[in-house]
Amino acid sequence: MRIGLSTCTLVSALALVGCGDDAGSGDETDDHMHDDDMVEVDAPVAVDADTSARPVTIQFRPTVGSAPFACGLQYVGQGSDGTTITPRDFRFYFHGAELITDAGARVPITLDQDGEWQVDNVGLIDFEDFTGGCKDGTPGTNTTIRGTVPPGNYTGIAFTVGVPSAMNHTDLTAKPAPLNTSSLFWGWNFGHIFFAAVSTTNVSEPVPGTVDHYTHVGSTGCEGDATMGDTVTCANPNQAPIVLADFDVTDGAIIVDYGAFLAGSALSSEEGCHSFTPDTCTDAFARLGINFANGQPMAGQTVFRIGQ
Ligand SMILES: [Cu+2]
1 MRIGLSTCTL VSALALVGCG DDAGSGDETD DHMHDDDMVE VDAPVAVDAD
51 TSARPVTIQF RPTVGSAPFA CGLQYVGQGS DGTTITPRDF RFYFHGAELI
101 TDAGARVPIT LDQDGEWQVD NVGLIDFEDF TGGCKDGTPG TNTTIRGTVP
151 PGNYTGIAFT VGVPSAMNHT DLTAKPAPLN TSSLFWGWNF GHIFFAAVST
201 TNVSEPVPGT VDHYTHVGST GCEGDATMGD TVTCANPNQA PIVLADFDVT
251 DGAIIVDYGA FLAGSALSSE EGCHSFTPDT CTDAFARLGI NFANGQPMAG
301 QTVFRIGQ
């Protein structure tokens, strides 16, 4: 749009008064009240740039490899030992979700504050529905990020798996949902379980029955007494920043692959990972993009990918 040289422009530039649409600019949003109209004369400016936030919904889709994930289904050949499993839990916290423009700029998604799944810039993605063998969570599920972003040409998405440290070490009962989910909380100092994937398998040894294999990712090596108001810092934050390119915000979905996360874990064993044991944690952490040795992000995560 060009703002034409007009009586209105001249008058408003000189007298600093507003004027209507008689400038012929077609500009519905500019009230012409500013005092620098003179420099805009015949200068190209953005056409009716409506910068108001637009709603955006990011879809997550849980899978076990290429198969849809669902509580109550059996999946053969899972883990490092080719176990037949049924899921027991599949949930994770995210924060700091951003869309990425075609120019590479990161634009935060302002989350809808729904009183249940999203608060501040944190959300809980919950794929389990408390049916079948899923016993750790709730009937409710949440498979989307819902919020607003300014208009833009977005081609990628980023978010971090985990709860921000400042919100992670507090009195659970004083926290708003979804941060008050007791089944995803270890205690004040360790904080929340960021990523939970639990499987159940039938075993015949030593006695016939079932074995649950837990993989719980959260911060470790945390110091400072949160109950006394100290700021807690964790030597191993174990937060996973995820960046996915070539994401179509309107048509695409983010696949979250339960099978890929557990592909290197011995699922017939009850010796799972609660973020403390290198033997059972190192592989799963790496698949999520976390170096177990130091708790820092590392490249090569295979749990999240773009799909439909
Ligand atoms: Cu645990």
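Here our numbering is used: the first residue of the sequence shown is 1, the next is one more, and so on.
For each residue, glycine too, the CB sits at the ideal point set by N, CA and C.
Collapsing the DSSP output to three states places Ser183 in a helix.
Contact between the region 81 to 91 and the region 131 to 147 is established, with three or more Cβ pairs separated by less than 8 angstroms. If you look at Asp279, you'll find it in the alpha helix (DSSP H) that goes 278 to 288. The region 87 to 99 and the region 220 to 237 do not touch, with fewer than three beta-carbon pairs separated by less than 8 angstroms.
For Asp283, the CB contacts under 7 angstroms within the same chain, skipping 5 residues up- and downstream, are Gly264, Ser265 in chain order.
Between Glu270 and His216, the CB-CB gap reaches or exceeds 8 angstroms.
By the Cβ test, the region 63 to 78 is not in contact with the region 108 to 122, since fewer than three Cβ pairs between them sit closer than 8 angstroms.
If you keep only unbroken alpha helix (DSSP H) runs of at least 4 residues inside the region 122 to 206, you get 165 to 168. Judged by DSSP in its simplified three-state form, Ala53 adopts coil rather than helix or strand. Relative to the non-hydrogen atoms of ligand 1, the Cβ of Ile100 never comes closer than 7 angstroms to any of them. DSSP places Phe261 in the helix class (H, G or I) of the three-state scheme. DSSP, reduced to helix, strand and coil, places Thr220 within a strand of the structure shown.
Sequence-distant partners of Gly209 (beyond 5 residues in either direction) whose C-beta falls short of 7 angstroms from its own C-beta, in its chain, are Val203. In this structure, Ser199 and Asp81 do not form a Cβ contact; the two beta carbons are roughly 11 angstroms apart against a cut-off of 8 angstroms. When secondary structure is reduced to three states using DSSP, Ala299 falls in the coil class, being assigned neither helix nor strand.
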